[in-house]
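These notes concern the structure reproduced below.
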Amino acid sequence: MPVRQAHLTQVANGGIRAVVPVPADQRGHRLRRGSRCGRPPAFDRETYQQRNTVERCINRLKQWRGIATRNEKTATIYLAGLHIAGIFLWSAR
């Protein structure tokens, strides 16, 4: 079994679903292929919006040099930096 197919089988068995919408010009192609390969032709809009929110938050956190580069020597210091950055981002809203 090719690596890609094995990976997709493992993802499907794990219950992981794609949340990225399929472009309109690819919907028919995905429907013809079925579950053999690729993501399904439908997606959950609410999950996609939540994913977008999380990605934007991570992007804002990575603007902090210490968080983006992970220069801290211990996990405790890194976690403290995450908390401080989170507090600043939350208070700036």
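In the working numbering, each number is its position in the sequence shown, counted from 1, plus 233. We put the beta carbon where it would ideally sit given N, CA and C, even for glycine. In this text, all values refer to a predicted model and were calculated from it rather than measured experimentally.
{"Asked": "Secondary structure of Asn292, DSSP reduced to three states", "Found": "helix"}
{"Asked": "Bounding residues of the alpha helix (DSSP H) (the contiguous stretch that carries Arg260)", "Found": "Arg260 to Arg266"}
{"Asked": "Beta carbon of Leu294 nearer than 8 angstroms to that of Ala313", "Found": "no"}
{"Asked": "Which of helix, strand or coil DSSP assigns to Glu279", "Found": "helix"}
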